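> Sending over a structure as structure tokens; questions will come in a sec.
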Amino acid sequence: MRKYPFYLFVIIGLLVLLIFFVVYPLRGKREEDIYRGKAEAMVAEQIQARGVKDEKVLQAMGKVPRHRFVPENLIPHAYEDNPLPIGFGQTISQPYIVALMTELLNPEGSDRVLEVGTGSAYQAAVLSEIVDEVYTIEIFEELGTSAKERLEDLGYDNVKVKIADGYYGWPEYAPFDAIIVTCAASHIPPPLIQQLSEGGKMCIPVGSVFWAQNLMLVEKKNGKIVSRNILPVRFVPMLGEH
Amino acid sequence: MNIFLSLFFISLSLLSYEILLMRIFSITSWSHFAYMAISIALLGFGASGSFIALFRKKLRRRFYSLFTLFSFLFSISLYFSLVLSQRIPFDPFLIVWFKEQYLYLLGYYLVLFIPFFLGASCIGISFIRFAGKIHKVYFYNLLGSGAGALAAVLLMYILSPTHLLLTIAALAFLASVISALSLSKRSLQLLILASFFIMFVFFLYPPRLQISQYKALMTSLHLPGARVLSQSSSPLGVIHVLESPAIRYAPGLSLNFHGELPPQLALFIDADSMCAITNFGGDLKNLRYLDYRSAALAYHLLENPRVLILGSGGGSEILTALYHRAPSVKAVEINPQIVDLVREKYGEFSNHIYSRPEVSVKVAEGRGFIQASSEKYDLIQIALLDSFAASSAGVYALSESYIYTLEAMKEYLGHLSSEGILSITRWLRMPPRDGIKLFATAVEALQKLGVDDPSSHLIFIRSWATSTLLIKSSSFTPSQIEKLIEFSEERLFDVIWYSGIKPGEVNRYNILEKPHYYEASSRILSPNRDSFYRDYLFDIVPATDNSPYFFHFFRLRSLPHLLKTMGAEWVPFMEWGYIILLATLVQAVGVSIFLIILPLFFLKGRGARGSRARVFIYFLSLGLAYMFMEISFIQKFTLFLSYPIYAAAVTIAGFLFFSGWGSYLSGRFSLASSFKVAVAVGAIIMVTLVYLFSIDHIFSFFISFPDSIKILISLLLIAPLALFMGMPFPLGLTTVSSENPPLVPWAWGINGCASVVSPVLATVLAISFGFNVVVSCALLFYLLAALSLIPQQRTSFRT
């Protein structure tokens, strides 16, 4: 059997170490860079271009790794301009809708926000980049459990997840400065309106799971409730008017 | 004889299967996609023509064995095409974003296409084998199809969709066994054995329906403690009753409601449209939430009204009436199974609302009921029963609805007492369209009833999710206006219209970017209404009985504007139905052209160009004309027979049955074919013209007669027309067969393609111009078919 010189083994060993410690992490880094690039493009082309201006929201949308919140087979589509299915008949909303709903709530750093319908927890993660406390409730156990794990993995430690019927809100932590409901319902649960603080805002999509026909922004001012119907797109009712 | 009987069963299975597929896809997916998939699959008829044209001689030579083989494969394919279709992960909503969904859709077309192709091939090769008995082949084909239409609807009452499939497959096996009687004894024995074995396996492994995860039932099944309590099936839909503490249904509930909802059970129709059965514990105070919906307004303007509810469903509107102490409540519900469930199985849970002394229930279709009734009511309430998700995506655009037409509105107003109110609630869709079309319908109906200034006869409000329109034959009084304002303020509902409303009073609680509803209402009441209709982004011209598409809003000329202002993804989600219709038309025409042109390359030298052109015109015209007539008359009879599903079954079965006899008779007289066609077409035109002018009078005379009499009258009316309509096809095919046999399968294929394109085209025409135009087009096509035979005296279909 032919003998190989010792230094050959050393060189191969060093090369393996180099690949393991330098090239491999760089590869991961490059992957992260690719997703960061995609997130930046998403913010510029889908969100800013449609008129979302709040810097905090734009930054949060650029920072949260959306690809970590979608099913594995849909990772290549994570930053595309559409909602994605996450199972149980639920979806992760289109990035623009997430940004718009967040902007409508006008969240401040010290705010306490309640989310009803955690889903994949993407909306909760975006909120947690902006406010101190996020409380999120998911009714479907499987979704709630995986959302909880995902948030822990990603280090979002200012989000509390509860698996329960969101209809009754989370009275222990009420009132909330903002409430975001991410699932369409036949009516707005009265307990949620009660748990909204004075001056607080609540945002709810109206429509099917795939497409918010419009958004409802409910505000409590001087104990009175006023709601706004917000169309995510420009509506010009008459032909010929621009 | 064996083959003809076999043909009867194959035709029966084919039509039953088509109806069953529509039913199954309405449950598992959404009906508009089912419409497209099945329409395209039906091109199997056209494809069979091309196939037979290519292999005509071989097929003719080995007819009996091939017929048996095709019918046997057809039986097997019925099962497998459904099983495979349920495994294709096609999801209509994902098609906008994921291109692979187009591949899945193609997969759908292919698996559904196979049984239609095989079944149609059996019929097609019979035409070339029995060239001298075409009228007889067609007779058994039509008779079988007629029986299939009737059998499918009737069997849906006793069999679940999967069991119905197995029954249809068994009948198809029977067809292949009957045809095998003409083969050797050994082949027959083998076939019987194989059929039994395969049916046994089918029964052991019945297909399982995969309901889309995005349908409301499937989402609700994941709710905590969710349990399906019962499931029942009928031609009107599959009903699931679901229990879960998280079920709470109160569409458009006021944001100012503070309180709890009583326990409810969810009732889903075809796994989607949901309504609730409410357990109020016998104490009407628990129903206060119902008074916080816009639909409750009329009760605040009337005292102790006698109420008629059209579409009572799970009973929410009955409960609202009871909450307001209405002394008498008549509830009309189209689906007898819902009434049974609420009254019997969940009688205790619903606190026996359907059995209370002040409540009487009638199983009927709303419009039909009111047409046949002479009673007057203080309040007619039209409930909100369709699902919001489906409604907001424009899924109902292709559904005819005689509830919201101009004529219906006049009928309702005619059944109101002097101070009575008609109350209609709809979902609030954005951008606005339903509510505005309804308001326009009310204004025009009032004007047609002689009200010069309808503005004081209307009250229009909206919650954040619903709009409610009140219409009165007389003007609303100042005290009623006061109560309206009080009711709306307390519930944070926006008043859109009452006579004397000021711009400052609108758009206060659920604020829209602009007061779109108020502006639209003002424009509709102004003299320049027509220009508003013309310029509005959506089609908001009132629906009529002649074009009963209330849910159709899409305007092709608005498309560039919509795309420019709203973006490409928005449009399909708003108006799926119409887009699917157009997509189906384009695909069907494209594939048809291919299927019609393809055989021509193999038919070179088989007849002069002129004779081929005549065959083409003749059979294309007949295919279009027959279906145009049938579809238009289904619409006319729907209004008369009240139940759309029965109307369709009676009309289709009637048309096919009598056309079958027409075909049979056409072969009995030894006259020139062209003469017989001319007589038949002349008779069709005459009978149709008589009907166009008299049928409404006949219907109004018999409208209040029992259903059995109405069905009999319908069949008597259909008989003469269908009899003559059954003649031109076999007569033409007989002529082609004797003069230029290679063109027979081509003619069959052309007719098959036309029969697929025509229902889609008829719907497009009916939406734009109404059914009278569709009927007129049918007559023109018949005329064109007859005219295409004129040169026959010189050159005929011959070379």
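As they're listed, the protein sequences go chains C and G.
Using the working numbering, the first residue of the first sequence is number 2, and each one after it goes up by one.
Using the working numbering, the first residue of the second sequence is number 1134, and each one after it goes up by one.
Glycine included, each C-beta is placed from N, C-alpha and C at the ideal position.
All of these numbers come straight from a predicted model, not from anything done at the bench.
Going along the chain, which residues of the segment 1285-1309 of chain G sit with their C-beta nearer than 7 Å to a C-beta in chain C?
Under the 7 Å Cβ criterion, the segment 1285-1309 of chain G contributes no residue.
> On the three-state DSSP scale, how would you describe G:R1927?
Here residue 1927 of chain G refers to the residue found at position 794 of the second sequence. Any reading at G:R1927 needs caution, since the residue's pLDDT is 48, under 50, leaving its predicted position unreliable; the model's value is listed next. Residue state, collapsed to three classes: coil.
> With a threshold of 8 Å on Cβ separation, who are the neighbours of G:Y1347 within its own chain once the five nearest residues in sequence on each side are excluded?
Here the question's residue 1347 of chain G lines up with position 214 in the second sequence. Result list for G:Y1347: D1224, F1226, in chain order.
> Which first and last residues belong to the alpha helix (DSSP H) in which G:C1910 is found?
The residue given as residue 1910 of chain G occupies position 777 in the second sequence. Note, G:C1910: alpha helix (DSSP H), 1904-1921.
> Is it true that the segment 1612-1624 of chain G meets the segment 1659-1676 of chain G, where meeting means three or more beta-carbon pairs spaced less than 8 Å apart?
Result no; under three Cβ-Cβ pairs closer than 8 Å.
> Would you report the Cα separation of C:M203 and G:F1904, rounded to the nearest angstrom?
Position 202 of the first sequence, counted from the first residue, corresponds to residue 203 of chain C. Position 771 of the second sequence, counted from the first residue, corresponds to residue 1904 of chain G. Roughly 48 Å between the two C-alpha positions.
> Using a Cβ cut-off of 7 Å, which residues of the segment 143-161 of chain C contact any Cβ in chain G, in chain order?
Under the 7 Å Cβ criterion, the segment 143-161 of chain C contributes no residue.
> Measure how close the beta-carbons of G:F1080 and G:A1855 come, nearest whole angstrom, since I'm counting them as under 8 Å.
Coverage of chain G is limited to positions 1134 through 1932, which leaves residue 1080 of chain G absent and any answer about it impossible.
> Looking at the C-beta of C:I226, does it have a partner C-beta in chain G at a distance below 8 Å?
Locating residue 226 of chain C in the first sequence gives position 225, counting from the first residue. Answer yes: the Cβ-Cβ gap between C:I226 and chain G drops below 8 Å somewhere.
> By a C-beta neighbour count over all protein chains shown, 10 Å radius and 16 as the cutoff for buried, is G:S1317 buried or exposed?
By 1-based counting over the second sequence, the position of residue 1317 of chain G is 184. By the neighbour-count rule (16 or more Cβ atoms within 10 Å), G:S1317 is not buried but exposed.
> Measure from the C-beta of C:V207 to each C-beta in chain G and report whether the shortest distance is under 8 Å.
Locating residue 207 of chain C in the first sequence gives position 206, counting from the first residue. Yes, C:V207 lies at the interface with chain G (some Cβ there is under 8 Å from its Cβ).
> Under 8 Å, do G:L1175 and G:F1249 count as touching if we go by C-beta distance?
Translated into positions along the second sequence, residue 1175 of chain G becomes position 42. Translated into positions along the second sequence, residue 1249 of chain G becomes position 116. Yes.
> Assign G:H1694 to one of three DSSP states: helix, strand, or coil.
Residue mapping note: residue 1694 of chain G aligns to position 561 of the second sequence, counting from 1. Three-state result, G:H1694: helix.
> For G:A1721, name the three-state secondary structure that DSSP assigns.
For the purposes of this step, residue 1721 of chain G is taken as the residue at position 588 of the second sequence. G:A1721 falls in the helix class under three-state DSSP.
> Go to C:N230, then tell me how far its beta strand (DSSP E) extends in each direction, as first and last residue.
Taking the first sequence and counting its residues from 1, the one referred to as residue 230 of chain C is at position 229. Where C:N230 is concerned, the enclosing beta strand (DSSP E) stretches over 225-231.
> What are the partner residues of G:S1365, as DSSP defines its beta bridges?
In the second sequence, counting from the first residue as 1, residue 1365 of chain G sits at position 232. According to DSSP, which records beta bridges pairwise, G:S1365 is partnered with G:I1372.
> So does the segment 1530-1544 of chain G actually touch the segment 1674-1688 of chain G, counting three or more Cβ pairs closer than 8 Å?
Yes, since at least three Cβ pairs between the segment 1530-1544 of chain G and the segment 1674-1688 of chain G fall closer than 8 Å, the two stretches touch.
> Kindly list the residues whose CB is nearer than 6 Å to the CB of G:G1177, restricted to its own chain and excluding five residues on each side of it in sequence; keep chain order.
In the second sequence, counting from the first residue as 1, residue 1177 of chain G sits at position 44. Here the set comprises F1246, F1249, F1250, A1253.
> With a CB to CB cut of under 7 Å and the five nearest residues on each side skipped, what residues in its chain are close to G:L1582?
Here residue 1582 of chain G refers to the residue found at position 449 when the second sequence is read from its first residue. If we look at G:L1582 and ignore the five residues flanking it on each side, its Cβ neighbours are K1543, L1546.
> Give the secondary structure of G:Q1580 by DSSP, where H, G and I count as helix, E and B as strand, and everything else as coil.
Position 447 of the second sequence holds residue 1580 of chain G. DSSP places G:Q1580 in helix when its eight states are reduced to three.
> Could you check which residue in C:N223, C:K161, C:N230, C:Y36 has the C-alpha nearest to that of C:L216?
Your numbering for residue 216 of chain C matches position 215 in the first sequence. Residue C:N230 is the option with its Cα nearest to C:L216.
> Rank G:L1625, G:P1460, G:A1459, G:S1488 by C-alpha distance to the C-alpha of G:D1473 and give the top, closest one.
What you label residue 1473 of chain G is simply residue 340 of the second sequence in a count that begins at 1. The option with the nearest alpha carbon to G:D1473 is G:S1488.
> Quick one: which residues of the segment 1561-1579 of chain G get their C-beta closer than 9 Å to a C-beta of chain C? List them in chain order.
For the segment 1561-1579 of chain G, which is checked against every Cβ of chain C, the residues closer than 9 Å are L1561, R1562, M1563, P1564, P1565.
> I believe G:A1880 touches G:V1748 by the beta-carbon criterion, under 8 Å. Please report the beta-carbon distance rounded to the nearest angstrom.
Your numbering for residue 1880 of chain G matches position 747 in the second sequence. Your numbering for residue 1748 of chain G matches position 615 in the second sequence. Their Cβ separation, rounded to whole angstroms, is 5 Å, which keeps G:A1880 and G:V1748 in contact under 8 Å.
> Quick check: the segment 1864-1882 of chain G against the segment 1258-1278 of chain G, are at least 3 beta-carbon pairs closer than 8 Å?
Flag = yes, the segment 1258-1278 of chain G and the segment 1864-1882 of chain G touch.
> When we look at the beta-carbon of C:P206 and count the other beta-carbons within 10 Å, is it buried (16 or more) or exposed?
Numbered from 1 along the first sequence, position 205 holds the residue referred to as residue 206 of chain C. The residue is buried, with at least 16 neighbouring Cβ atoms inside 10 Å.
> Note the first and the last residue of the continuous beta strand (DSSP E) segment covering C:P206.
On the first sequence, position 205 is the one that residue 206 of chain C refers to. Counting along the chain, the beta strand (DSSP E) containing C:P206 begins and ends at 197-208.
> Reducing DSSP to helix, strand and coil, say where C:T103 ends up.
Reading the first sequence from its first residue, position 102 is the one you call residue 103 of chain C. Helix, per DSSP.
> In its own chain, which residues sit with a C-beta less than 6 Å from the C-beta of G:L1362, not counting the 5 before and 5 after it?
Here residue 1362 of chain G refers to the residue found at position 229 when the second sequence is read from its first residue. Counting only Cβ-Cβ distances below 6 Å, and skipping sequence neighbours, we find V1374, E1376.
> I'd like to know if G:H1165 contacts chain C, where contact means its C-beta is closer than 8 Å to some C-beta of that chain.
Taking the second sequence and counting its residues from 1, one reaches residue 1165 of chain G at position 32. So, not an interface residue.
> Assuming G:R1426 contacts G:S1596 (C-beta within less than 8 Å), just tell me the rounded distance between them.
For the purposes of this step, residue 1426 of chain G is identified with residue 293 of the second sequence, where counting begins at 1. For the purposes of this step, residue 1596 of chain G is identified with residue 463 of the second sequence, where counting begins at 1. At roughly 7 Å, the Cβ-Cβ gap stays under 8 Å, so G:R1426 and G:S1596 are in contact.
> Please state the DSSP three-state secondary structure of C:P191.
Start at 1 with the first residue of the first sequence, and residue 191 of chain C comes out as number 190. Correct three-state label for C:P191: helix.
> Can you tell me which of G:R1381, G:S1353, G:L1323 puts its alpha carbon nearest to the alpha carbon of C:S187?
Here the question's residue 187 of chain C lines up with position 186 in the first sequence. Nearest of G:R1381, G:S1353, G:L1323 to C:S187, Cα basis: G:R1381.
> Measure the alpha-carbon distance for C:A175 versus C:S228 and round it to whole angstroms.
Here residue 175 of chain C corresponds to residue number 174 of the first sequence, with the count starting at 1. Here residue 228 of chain C corresponds to residue number 227 of the first sequence, with the count starting at 1. If you take the alpha carbons of C:A175 and C:S228, they lie about 20 Å apart.
> State the start and end residues of the unbroken beta strand (DSSP E) segment that holds C:K163.
On the first sequence, position 162 is the one that residue 163 of chain C refers to. Its beta strand (DSSP E) spans residues 160-164.
> Please report how far the alpha carbon of G:M1407 lies from the alpha carbon of G:P1384, in whole angstroms.
Position 274 of the second sequence holds residue 1407 of chain G. Position 251 of the second sequence holds residue 1384 of chain G. Each residue's Cα considered, the two are about 11 Å apart.
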